[in-house]
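**Q**
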Amino acid sequence: MKYDFIAIGDTTIDAFIRIKEASVHCTINRERCEICMRFADKIPYEDVWVVPAVGNSANAAVAAARLGLTSAIVTNVGADKNGKNCIDTFKSEKVGTGFIRVHKRAKTNYHYVLWYEDDRTILIKHEKYDYQLPDIGSPKWIYLSSLGEDANHLYPKISAYLKTHPEIKLAFQPGTFQIKLGKERLESIYKRSDLFFCNKEEAGRIVGLKDAPIEKLLLGIQSLGPKIVVITNGPRGAYALEDAKMWSMRSYPDPKPPFERTGAGDAFSSTFTIALALGLTVTEALRWAPVNSMSVVQYVGARAGLLTRKELENFLKKAPADYFPKSL
14 MKYDFIAIGD TTIDAFIRIK EASVHCTINR ERCEICMRFA DKIPYEDVWV
64 VPAVGNSANA AVAAARLGLT SAIVTNVGAD KNGKNCIDTF KSEKVGTGFI
114 RVHKRAKTNY HYVLWYEDDR TILIKHEKYD YQLPDIGSPK WIYLSSLGED
164 ANHLYPKISA YLKTHPEIKL AFQPGTFQIK LGKERLESIY KRSDLFFCNK
214 EEAGRIVGLK DAPIEKLLLG IQSLGPKIVV ITNGPRGAYA LEDAKMWSMR
264 SYPDPKPPFE RTGAGDAFSS TFTIALALGL TVTEALRWAP VNSMSVVQYV
314 GARAGLLTRK ELENFLKKAP ADYFPKSL
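Given below as structure tokens:
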């Protein structure tokens, strides 16, 4: 089967632990905040939600399927109950599972999300997998995102595959380890990217321009090779650069205060990519992406709030009159 959209990245199960008895302490400029709880004590929690088959790429694959693309994922799970649960979830979401490797001697990734008020702190652990790139054919788009530290050998293989398949478009949303690896080690991925996503703080780390104006960050990322650059800035909106044209885009208004923010960035990045895959322009994609982010933060976890195309278009019909990108 030829897919429209194939996501490459780690899959995990997120266990959300909602806590009440904690406090947050920040520096004056909120550059660094820490969550604090009593040490060596028993701390009650409110509830737990377990959400399977999530992660940057997993969320993107599900978003693509719900918005009408044929979608699959290249990922790894353990030969355990959690792995089966993830595969069953992908199947129920109509995400192709033929490229999922099941490892007999490994566990499925499992993360703990400490959920306090409307934000979260995630305890992560990437299992050690023998990462391989299967023959995925010639999808219209590849969406590459977060992989574990043991995947470093995989990036040259992806670059080589893309070199022999120039018709494939690449969207790159680097995860924590990929940013840590550095732009030099991933030079071929940056240069081959048709579309690139990160948030404002990540952009500063990638190009070594902390606290730089957004215009300078956009140009700095573009100089690494991506054709279209998108930088998000949380509730403050997002910015995009295509050729020499820059735009800013406001957030879609929340119908009620955000419930839980996990997956908002993934929803934005994947929906933007999907819009382009469906033939929309960059400015149209900038209108689509915040709608799915808004919906995701109304639910627990990164998947429950992802919209169908009909649902997303209905929100656009009800958007404020000024809900359009503005030129920078």
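Position one of the sequence shown corresponds to residue 14 (this note's numbering), numbered consecutively onward.
Quick reminder that beta carbons are idealized off the backbone N, C-alpha and C, glycines included.
Predicted model, so just to flag it, every value in this text is computed and none were measured.
Please report how far the alpha carbon of Pro226 lies from the alpha carbon of Pro338, in whole angstroms.
**A** Within the sequence shown, the letter at position 213 stands for residue 226. Within the sequence shown, the letter at position 325 stands for residue 338. When rounded, the distance between both Cα atoms is 18 Å.
**Q** Determine the direct distance from the alpha carbon of Arg43 to that of Ser283, and round the result to whole angstroms.
**A** Taking the sequence shown and counting its residues from 1, one reaches residue 283 at position 270. Taking the sequence shown and counting its residues from 1, one reaches residue 43 at position 30. One C-alpha to the other measures close to 28 Å.
**Q** Given this structure, state the Cα-to-Cα distance separating Thr83 from Asp101, to the nearest angstrom.
**A** As a working note, residue 83 is residue 70 in the sequence shown. As a working note, residue 101 is residue 88 in the sequence shown. Taking the straight line from one Cα to the other gives about 17 Å.
**Q** If you reduce the DSSP assignment to three classes, tell me which class Ala315 lands in.
**A** Looking up residue 315 in the sequence shown gives position 302. Coil at Ala315, not helix or strand.
**Q** For Ile56, is the classification buried or exposed, using 16 other Cβ atoms within 10 angstroms of its Cβ as the cut-off for buried?
**A** In the sequence shown, counting from the first residue as 1, residue 56 sits at position 43. Flag for Ile56 reads exposed.
**Q** If you reduce the DSSP assignment to three classes, tell me which class Glu162 lands in.
**A** Start at 1 with the first residue of the sequence shown, and residue 162 comes out as number 149. Three-state DSSP puts Glu162 in a helix.
**Q** Could you spell out the range, first to last residue, of the alpha helix (DSSP H) harbouring Phe285?
**A** Position 272 of the sequence shown, counted from the start, is the residue given in the question as residue 285. From DSSP, the alpha helix (DSSP H) with Phe285 extends over Ala277 to Ala290.
**Q** Please state the DSSP three-state secondary structure of Thr40.
**A** For the purposes of this step, residue 40 is taken as residue 27 along the sequence shown, with counting starting at 1. In this structure, Thr40 counts as coil in the three-state DSSP scheme.
**Q** For the region 236 to 248 against the region 205 to 212, are there 3 or more C-beta pairs whose distance is under 8 Å?
**A** yes
**Q** With burial defined as no fewer than 16 other Cβ atoms inside 10 Å of the residue's Cβ, what is the status of Thr275: buried or exposed?
**A** On the sequence shown, residue 275 is found 262 positions in, with the first residue counted as 1. Result: buried.
**Q** Tell me the residue span of the alpha helix (DSSP H) that contains Thr379.
**A** Given a span of 14 to 341 for the chain in the structure shown, any question on residue 379 remains unanswerable.
**Q** Applying the 10 Å Cβ sphere with the 16-neighbour rule, what's the burial state of His139?
**A** Numbered from its first residue, the sequence shown carries residue 139 at position 126. Sixteen is the threshold: when 16 or more other Cβ atoms of the shown chains lie within 10 Å of the Cβ of His139, as they do, the residue is buried.
**Q** Is Lys107 near the ligand MG, with its Cβ less than 7 Å from a heavy atom?
**A** This structure lacks the ligand MG; in fact it carries no ligand of any kind.
**Q** Could you give the distance in angstroms between the alpha-carbon of Leu289 and the alpha-carbon of Ala77?
**A** As a first step, residue 289 is located in the sequence shown; it is residue number 276 there, counting from the start. As a first step, residue 77 is located in the sequence shown; it is residue number 64 there, counting from the start. For Leu289 and Ala77, the distance between alpha carbons rounds to 11 Å.
**Q** With distances taken from CA atoms, which of His124, Ser36, Ile21 and Gly233 is nearest Ile30?
**A** Numbered from its first residue, the sequence shown carries residue 30 at position 17. When only C-alpha atoms are compared, the closest one is His124.
**Q** Please report the distance separating the alpha-carbon of Thr88 from that of Glu228.
**A** Reading the sequence shown from its first residue, position 75 is the one you call residue 88. Reading the sequence shown from its first residue, position 215 is the one you call residue 228. Taking the straight line from one Cα to the other gives about 35 Å.
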